[in-house]
Each structure stands twice: as structure tokens, then as C-alpha cells.
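Per my numbering, the sequence shown starts with residue 13, numbered consecutively.
For each residue, glycine too, the CB sits at the ideal point set by N, CA and C.
Presented below is the structure to which this report refers.
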Amino acid sequence: MPKANRCKKRAVFLDRDGVINLPPKHRFIRHWDEFRFIPGTLAAIRRMTVRKIALVIISNQSGVGRRIMSRARLEEIHRRMMAAVRRHGGKILAAYYCTHHPDRRCGCRKPKTGMLTKAAREHGIDLNRSIVVGDRETDILMAHAAGCRSALVLSGKHDRKSASRLAVRPDKIFPDLSRTVPWILKEMQKKPSAAIPTPGRPA
Ligand SMILES: [Mg+2]
Ligand SMILES: [Zn+2]
């Protein structure tokens, strides 16, 4: 039996490249040596952790499926990133990576919603009350398809000018994750009463 909505938690879904770390120079981050945290990101993750916000990473890493990098290398980057987050007082609940080649047409590669729905299932997350932070159109499309709110950050793929030309409208645009945190904290405090009441249940 599915858990009642009010028992489910909210989450903030973070894209990795362009949100947590600087976007790769050559399409994929293949080694930990190439991984650079965007300034302020570790502190931003700590601030959200302190406020008990569930953080989940959602990232396309088709470099594995394209055989440009090994799965072991991706896992190593993940471990070292998580260790750095912990050292700085942050906590990330879970991370989901789509490693498939785009030709596979899997259900998890963004803008598809497979990673979000899997996270929701595995961790009891209410997507309609959750937020996606990403630097690309695909992040925003995924967010809206799954009923999440969205913030586009300008620390990766887009600057303000190119962001204004996107066909998709994010709910908010911020320079980077650090400056997204005040909005996230405000959204996360909103009472569930703002949601549509459950049918058949007296108010
Ligand atoms: Mg990205
Ligand atoms: Zn996939």
C-alpha cells in the first residue's frame, strides 16, 4: 500500500556537473583530478543538511555507456565527492546515475523521469513537494514532467542570456547552488496544506 502523502518527505534533487562541480572541459569528468567543486557548494550542502533537507544527486553519466570511462572510475569519483561533502558537514541521502548510452533509450536518462521516480520509491519522497536544481534544459524538463519545482543555476551550461532563450521556463534562475539555498529553505518550509486535498477525506 502506498504511503500517505503527508508521511512522505520532500527532497532537493541536485544535478552533479554544473551544479556541484564545474562542468567538464571535455564532456565527461573521467578522473577525480578533473573534479572541482563550484565555490560555495560544499557550504550550501552543509546549510541544507543542517536544516534536515534530504538531498539526492541525479546525474546523466553516459560516458560509461559510451565506453569513454569505466564504471569503477565513476564510482571512485562518487566516493571521493561524498567524502568531501561529509568532511564539510554535509549529507547526501542518495545518488542516482544514468550510465546508459543514449541509443539505449532507457527510462532513466534525463529528461526522462526514471531516476526521480526510483528515488521517490526507494526513499518515500513526495515529488510534488520537491525541487530539482540543474544547469540544463533536460533537468528542468525532467523536473516538470515529474511534478517537481525547478531552479536553473547559471554555474554550468548557461549564462543569463542563453538561459532566457530556452524554450522551457524554470520556476527560478540563480547564479549558483549557494544562492539557490534561501529560496529552497523558504519552499521547504511551506506547509503541506498548500497541496491539493486528498479526495474523499474531510478537510
Ligand atoms: Mg549538469
Ligand atoms: Zn539510463
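Could you check what DSSP says for residue i in three-state terms: helix, strand or coil?
i           : result
residue 126 : helix
residue 26  : strand
residue 158 : coil
residue 80  : coil
residue 175 : helix
residue 1   : Coverage of the chain is limited to positions 13 through 215, which leaves residue 1 absent and any answer about it impossible.
residue 137 : strand
residue 118 : coil
residue 203 : coil
residue 181 : coil
residue 191 : helix
residue 41  : coil
residue 198 : helix
So, residue i versus residue j, is the Cβ gap smaller than 7 Å?
i           : j           : result
residue 73  : residue 109 : yes
residue 102 : residue 63  : no
residue 183 : residue 161 : yes
residue 50  : residue 34  : yes
residue 113 : residue 83  : no
residue 165 : residue 151 : no
residue 158 : residue 178 : no
residue 70  : residue 25  : yes
residue 30  : residue 190 : no
residue 122 : residue 154 : yes
residue 126 : residue 119 : yes
Can you tell me which residues form a DSSP beta bridge with residue i?
i           : result
residue 144 : 25, 162
residue 186 : 165
Does at least one heavy atom of ligand 1 sit under 6 Å from the Cβ of residue i?
i           : result
residue 30  : yes
residue 39  : no
residue 188 : no
residue 27  : yes
residue 147 : yes
residue 159 : no
residue 102 : no
residue 168 : yes
With a threshold of 6 Å (Cβ to nearest heavy atom), would residue i be considered close to ligand 2?
i           : result
residue 113 : no
residue 110 : yes
residue 79  : no
residue 120 : yes
Between residue i and ligand 4, is the CB less than 6 Å from at least one heavy atom?
i           : result
residue 133 : The ligand content of the structure shown is limited to ligand 1 and ligand 2, which means ligand 4 is not among them.
Report task. Go through the stretch 45 to 116 residue by residue and report every complete run of the alpha helix (DSSP H) that reaches 4 residues or more, in order. Result -> For the stretch 45 to 116, whole alpha helix (DSSP H) runs of length 4 or above, ordered along the chain, are 53 to 62, 83 to 99.
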